[in-house]
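Colleague:
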Amino acid sequence: MPMLLALPDAVNFEVSSIKTLLVLRYYLAGITIIYFLRSDVKRVFPWVSVILVVWSIDAFIQMYTGADVFGYALYEGRVNSMFGLYTDGLKLGWGIVIFFPVSLIWFVHRFSWPVTLLLSCMILYALVLSGTRSAWVVAIVEMILLYAYLLWTKKVRWISMVAVSVLLVGVAVAGIQSSDRLMARVDRVASVYDQQDYQTINVALSSRLTIWGTAIRMIEDNWLNGVGVRGFRHAYASYAEEGDRFSVPLPKGQVGSRAAHAHQLVLEVMAETGLIGLLGLIAIFVQVIRVWWASSSQARWWSLPFATAIVSLLFPFNSVLSFYSSWFAQQFWLLIALFFSALAIDQELDNAEN
10 MPMLLALPDA VNFEVSSIKT LLVLRYYLAG ITIIYFLRSD VKRVFPWVSV ILVVWSIDAF
70 IQMYTGADVF GYALYEGRVN SMFGLYTDGL KLGWGIVIFF PVSLIWFVHR FSWPVTLLLS
130 CMILYALVLS GTRSAWVVAI VEMILLYAYL LWTKKVRWIS MVAVSVLLVG VAVAGIQSSD
190 RLMARVDRVA SVYDQQDYQT INVALSSRLT IWGTAIRMIE DNWLNGVGVR GFRHAYASYA
250 EEGDRFSVPL PKGQVGSRAA HAHQLVLEVM AETGLIGLLG LIAIFVQVIR VWWASSSQAR
310 WWSLPFATAI VSLLFPFNSV LSFYSSWFAQ QFWLLIALFF SALAIDQELD NAEN
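Residues 10 to 363 in my numbering are what the sequence shown lists, from first letter to last.
Here is the structure:
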């Protein structure tokens, strides 16, 4: 609905209308997934886990040989595994972090603690090697939420959780120190502690402050329903300050600016769909929490990884992929469909009792 309401004021009606129309495929695909998995969503867990393990092994091969099993080479020290070349997007980190909770819950359910820790550390190490700092933030939020649930349900003890945390931090540090490029990225962030001026922070955030400032001006001028879905790049130059390098036109044959999206969830949603879109985003967050909380303990457990991933991706203080892009939207709405499929376990239990 927010996407539809943004159409009347869209800066590029053709692009926004096509994107809005194509969103219907997520709804139809979601219904199909829920229908076929409503009685057996558990079968998704081992397959997702196998995929993440394969990605991780391929990431190690790429990192330490220079190319993965398909011949894709490293890009500036960053691992992308089977996701292809840099021009295809550095998506390994996001691919891992979106489904990491699914694998973790499956490992806990299926294997002993030593095996669970080994497999989890391997996947986490690959995530670190991807160099995607925003995906690291999502992973941290996911772990905090999972820790909170496990402690609340008394599935683990405090001392065990502390030991696991120390181990995971050690794995992350080892991954960062294994690459000079990753160390340089971390050092840029660490430099903010010594000098808190605009330029230092902007460099540490890969010039995100410049884009965010433009996004805020765009929101102020289009606060109700935004500039239309995927209209950010088309409206960017009109709100950019003089000398903004992102406002430079794209190469011939491409339309818009070099800033394809706001690189921040709340700013992107408000810039493209306004206050209406933000309310819709909040509604998703609240509904996921409400439905999950009202479910049985078994349904909570099996839907936990999907709920955790959804809530972590909606964490507002992070830089993320474009919420309305095809790739990210596919993963997000897949999580939503799998979440509701897992909740259907309650219905199956009722049917079995009757």
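Using N, Cα and C, we set each Cβ at its ideal position, and we do this for glycine too.
Leaving out five residues before and five after V394 in sequence, what residues of the same chain have Cβ atoms less than 7 Å from its Cβ?
Modeller: This structure does not reach residue 394, given that the chain is present from 10 up to 363, and the question cannot be answered.
Colleague: Please determine if the segment 168-184 and the segment 85-103 are in contact, where contact requires at least 3 C-beta pairs separated by less than 8 Å.
Modeller: no
Colleague: Please report how far the alpha carbon of A148 lies from the alpha carbon of S321, in whole angstroms.
Modeller: 8 Å
Colleague: Can you look up A15 in the DSSP assignment and give me helix, strand or coil?
Modeller: helix
Colleague: Which residues does DSSP list as the beta-bridge partners of Y370?
Modeller: Shown here, the chain extends from 10 to 363; a query on residue 370 therefore has no answer.
Colleague: Would a C-beta distance cut-off of 8 Å place F92 and G75 closer than the cut-off?
Modeller: Against a cut-off of 8 Å, the Cβ pair of G75 and F92 comes out as no contact.
Colleague: Restricting to Cα atoms, I'd like to know which of Q204, L176, L214 is closest to R194.
Modeller: L214
Colleague: Quick check on DSSP: helix, strand or coil for I66?
Modeller: helix
Colleague: What residues in its chain sit with their C-beta under 6 Å from that of A353, if we drop five residues either side in the sequence?
Modeller: R47
Colleague: List the endpoints of the continuous alpha helix (DSSP H) containing G283.
Modeller: 274-302
Colleague: Which of the three DSSP states is assigned to R87 in this structure?
Modeller: strand
Colleague: The alpha helix (DSSP H) with T317 in it runs from where to where?
Modeller: Where T317 is concerned, the enclosing alpha helix (DSSP H) stretches over 306-322.
Colleague: If distances are taken between C-alpha atoms only, which option among M152, E85, H243 comes closest to R190?
Modeller: E85
Colleague: Where does A353 sit, in a helix, a strand or coil, going by DSSP?
Modeller: coil
Colleague: Going by other Cβ atoms of all chains shown within 10 Å of its Cβ, with 16 needed for buried, is P258 buried or exposed?
Modeller: exposed
Colleague: S26 and L37 look like a contact to me (Cβ under 8 Å); what is the Cβ gap, rounded to whole Å?
Modeller: Between L37 and S26 the Cβ distance is about 18 Å, and since that is not below 8 Å, they are no contact.
Colleague: Which residue from R239, V238, S256 puts its Cα closest to that of Y245?
Modeller: If we check each option's Cα against that of Y245, S256 comes out closest.
Colleague: Please go through the same chain and pick out, in chain order, the residues whose beta-carbon is closer than 7 Å to the beta-carbon of A19, but skip the five residues on each side of it.
Modeller: S25, V236, G237, G240
Colleague: Return the CA-CA distance between A280 and S247, expressed in angstroms with no decimal places.
Modeller: In a straight line, the C-alpha of A280 is about 13 Å away from that of S247.
Colleague: Pick helix, strand or coil for A76, following the three-state DSSP scheme.
Modeller: Here A76 sits in strand by DSSP.
Colleague: What are the boundary residues of the alpha helix (DSSP H) that Y81 is part of?
Modeller: Where Y81 is concerned, there is no enclosing alpha helix (DSSP H), given that its DSSP letter is neither H nor E.
Colleague: Determine the direct distance from the alpha carbon of M152 to that of S58, and round the result to whole angstroms.
Modeller: 17 Å
Colleague: In chain order, what residues of the same chain lie with their CB nearer than 7 Å to the CB of R87, ignoring the 5 residues before and after it?
Modeller: L99, S139, G140, R190
Colleague: Count the C-beta pairs between the segment 105-125 and the segment 50-66 that are closer than 8 Å, then say yes if the count reaches three, no if not.
Modeller: yes
Colleague: If we count the other Cβ atoms within 10 Å of its Cβ and call it buried at 16 or more, is V53 buried or exposed?
Modeller: buried
Colleague: How would you label V278, buried or exposed, when you count the other beta carbons within 10 angstroms and need 16 or more for buried?
Modeller: It counts as buried.
Colleague: What does the alpha-carbon distance come out to for the pair L154 and N89?
Modeller: 27 Å
Colleague: Anyone know if the C-beta pair for W221 and A271 falls short of 8 Å?
Modeller: yes
Colleague: Helix, strand or coil for S216? Go by DSSP, reduced to three states.
Modeller: coil
Colleague: Output the residue ranges of the beta strand (DSSP E) runs that lie fully inside the segment 94-134 and measure 3 residues or longer, sorted by chain position.
Modeller: none
Colleague: Just the C-alpha distance for N21 and R242, rounded to the nearest angstrom, thanks.
Modeller: Approximately 10 Å, taken between the alpha carbons.
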